[in-house]
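The sequence shown begins at 216 in this note's numbering and counts up one residue at a time.
Where a beta carbon is used, it is the ideal one built from N, C-alpha and C, also for glycine.
A quick note: this is a predicted structure, and the numbers were derived from the prediction, not measured.
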Amino acid sequence: MKARPQNDPELVRSEYADESRFLARFSIWANREPKPPDVAFDEVLALRPRRVLEVGCGTGGFAARLVGAGLDVVAVDQSERMVELTRRLGVDAQVGDVQDLPFADGAFDVAVANFMLYHVPDLDRGLAELARVARALVATTNGRAHMQEMWQLVGRDRWTETADIFMVENGVGYLSQHFDSVRAIELPAAIEMTSEDMRRYVANSVAHRQLADRVPDFDGTRTVTASTAVFTASNAA
216 MKARPQNDPE LVRSEYADES RFLARFSIWA NREPKPPDVA FDEVLALRPR
266 RVLEVGCGTG GFAARLVGAG LDVVAVDQSE RMVELTRRLG VDAQVGDVQD
316 LPFADGAFDV AVANFMLYHV PDLDRGLAEL ARVARALVAT TNGRAHMQEM
366 WQLVGRDRWT ETADIFMVEN GVGYLSQHFD SVRAIELPAA IEMTSEDMRR
416 YVANSVAHRQ LADRVPDFDG TRTVTASTAV FTASNAA
């Protein structure tokens, strides 16, 4: 069965209707160093913003951290459940779509998009909206080689699947169409995974859960590498 693309709107709505699968994937990388959210957080603070928009806020941890740093934060997510969880952390959150943001031009100093732009069906429209409402964007994403050791075991070809979505390899190109300057910080990392770790991750993946049974049993652990980058894009004042 052919996997649906990660920017399929129906797939994304279903995936993030609750937090369980997201948290299962997140837990696998909890101990990686460096942590992309930490780098993204530092990049946001370096821009010295007062008002920040986070799109695709997920369970709200990053937005709450920004609030804790004294920033005025608005969070948006297409999932009602994620908005509910974010509000519980004391963040001003609302249901919304990055492709049609309900904010005035220049309403924010910085926008944040962590691990979500590859889910946007019309990426050009989404980036245009982010450039419209904020003078700068901090965006985090994975590369085509992300966890390649695991995906090769189950026969997934990330190189052809990810050609048209926001990835490490094409991030500068996409962002340069909407922002005057773009900088990328690549964050290579590695973790050790057992066969059960791999099976659990694949079973909770966004579009490839049907491949979980292909993970072979093996003794001990295998090294799995990360391909991740944090992009900072900005427009002249």
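Exercise. Less than 9 Å separating the beta-carbons of THR438 and ALA405?
Worked result: Counting from one through the sequence shown, the residue named residue 438 turns up at place 223. Counting from one through the sequence shown, the residue named residue 405 turns up at place 190. The answer is yes: Cβ separation under 9 Å.
Exercise. By how many angstroms is the C-alpha of PHE433 removed from the C-alpha of LEU352?
Worked result: Counted from its first residue, the sequence shown places residue 352 at position 137. Counted from its first residue, the sequence shown places residue 433 at position 218. Approximately 42 Å, taken between the alpha carbons.
Exercise. Where DSSP assigns a beta bridge to ASP233, which residues make up the other side?
Worked result: Sequence index remark: in the sequence shown, residue 233 carries index 18 (1-based). Looking at the DSSP assignment, ASP233 forms no beta bridge with any residue, so it has no partner.
Problem set entry | Euclidean distance between Cα positions of GLU265 and PRO431 | Taking the sequence shown and counting its residues from 1, one reaches residue 265 at position 50. Taking the sequence shown and counting its residues from 1, one reaches residue 431 at position 216. Strictly speaking, residue 265 in this sequence is Arg, with Glu absent from that position. So the alpha carbons of these two residues sit roughly 50 Å apart.
For this session: Can you grab the Cα-Cα spacing for the pair ASP337 / GLY435, in whole Å?
Result: As a working note, residue 337 is residue 122 in the sequence shown. As a working note, residue 435 is residue 220 in the sequence shown. Just so you know, the alpha carbons of ASP337 and GLY435 end up roughly 42 Å apart.
Exercise. The beta strand (DSSP E) spanning PHE457 covers which residue range?
Worked result: As displayed, the chain neither begins before 216 nor continues past 452, which places residue 457 out of reach and without an answer.
For this session: Determine contact between the segment 342-350 and the segment 418-430, defined as no fewer than three beta-carbon pairs at a distance below 8 Å.
Result: Judged by Cβ distances under 8 Å, the segment 342-350 makes no contact with the segment 418-430, as fewer than three pairs qualify.
Problem set entry | Spatial distance of ALA418 from PHE237 (CA atoms) | Here residue 418 refers to the residue found at position 203 when the sequence shown is read from its first residue. Here residue 237 refers to the residue found at position 22 when the sequence shown is read from its first residue. Looking at the two C-alpha atoms, the distance is approximately 11 Å.
Exercise. GLN309 lies in the beta strand (DSSP E); which residues open and close that run?
Worked result: Within the sequence shown, numbered from 1, the residue matching residue 309 stands at position 94. Run containing GLN309: 307-310, per the beta strand (DSSP E) assignment.
Exercise. Ends of the beta strand (DSSP E) at GLU295?
Worked result: Within the sequence shown, the letter at position 80 stands for residue 295. It is not in any beta strand (DSSP E) - GLU295 instead sits in the alpha helix (DSSP H) that spans 295-303.
For this session: Following the continuous beta strand (DSSP E) through PHE446, name the residue where it begins and the one where it ends.
Result: By 1-based counting over the sequence shown, the position of residue 446 is 231. Taken as a continuous stretch (DSSP letters only), the beta strand (DSSP E) holding PHE446 covers 443-449.
Problem set entry | Straight-line gap, GLY386 to GLY341 (C-alpha atoms, nearest Å) | Translated into positions along the sequence shown, residue 386 becomes position 171. Translated into positions along the sequence shown, residue 341 becomes position 126. The alpha-carbon atoms of GLY386 and GLY341 are separated by roughly 13 Å.
Problem set entry | Three-pair Cβ contact test at 8 Å for the segment 281-289 versus the segment 299-312 | Counting C-beta pairs with one atom in each stretch, the segment 281-289 and the segment 299-312 have three or more that are closer than 8 Å, which means they touch.
Exercise. When you compare each of VAL335, GLU344, GLU384 to HIS393 by their alpha carbons, which one comes out closest?
Worked result: Counted from its first residue, the sequence shown places residue 393 at position 178. Per the Cα distances, GLU344.
Exercise. So, helix, strand or coil for ASP223, using DSSP?
Worked result: Along the sequence shown, read from residue 1 onward, the residue named residue 223 stands at position 8. Looking at ASP223 - three-state DSSP - the assignment turns out to be coil, as it is neither helix nor strand.
Problem set entry | Whole-angstrom distance between THR409 and PRO224, CA atom to CA atom | For this step, residue 224 is matched to residue 9 along the sequence shown. For this step, residue 409 is matched to residue 194 along the sequence shown. The straight-line gap from Cα to Cα measures roughly 32 Å.
For this session: Tell me whether LEU316 sits in a helix, a strand or coil according to DSSP, three-state version.
Result: Locating residue 316 in the sequence shown gives position 101, where the first residue counts as 1. Of the three classes helix, strand and coil, the one that applies to LEU316 here is coil, per DSSP.
Exercise. To which residues of the same chain is LEU368 closer than 8 Å at the C-beta, ignoring the five residues directly before and after it?
Worked result: Indexing the sequence shown from 1 puts residue 368 at position 153. Closer than 8 Å at Cβ, skipping near neighbours: MET413, ARG429, VAL430, PRO431.
For this session: Scan the segment 263-292 and note each continuous alpha helix (DSSP H) run of 4 residues or more that stays entirely inside, going in chain order.
Result: You should have 276-283.
Exercise. Is the beta carbon of VAL289 sitting closer than 9 Å to the one on PHE318?
Worked result: As a working note, residue 289 is residue 74 in the sequence shown. As a working note, residue 318 is residue 103 in the sequence shown. Yes, the pair counts as a contact, with Cβ atoms nearer than the cut-off.
For this session: Inspect the beta-carbon positions of VAL291 and VAL313 and report whether they are closer than 9 Å.
Result: If you number the sequence shown from 1, residue 291 lands on position 76. If you number the sequence shown from 1, residue 313 lands on position 98. Contact flag set, yes.
For this session: Kindly indicate the opening and closing residues of the beta strand (DSSP E) around ARG398.
Result: The residue given as residue 398 occupies position 183 in the sequence shown. For ARG398, the uninterrupted beta strand (DSSP E) run begins and ends at 396-401, by DSSP.
For this session: Just mark ASN246 as buried or exposed, buried being the case when its beta carbon has 16 or more other beta carbons within 10 Å.
Result: Position 31 of the sequence shown, counting from 1, holds the residue named residue 246. Exposed.
Problem set entry | Nearest candidate by alpha-carbon position, reference TRP244, set GLU234, ALA354, HIS361 | The count along the sequence shown starts at 1 and reaches residue 244 at position 29. For TRP244, the nearest C-alpha among the options comes from HIS361.
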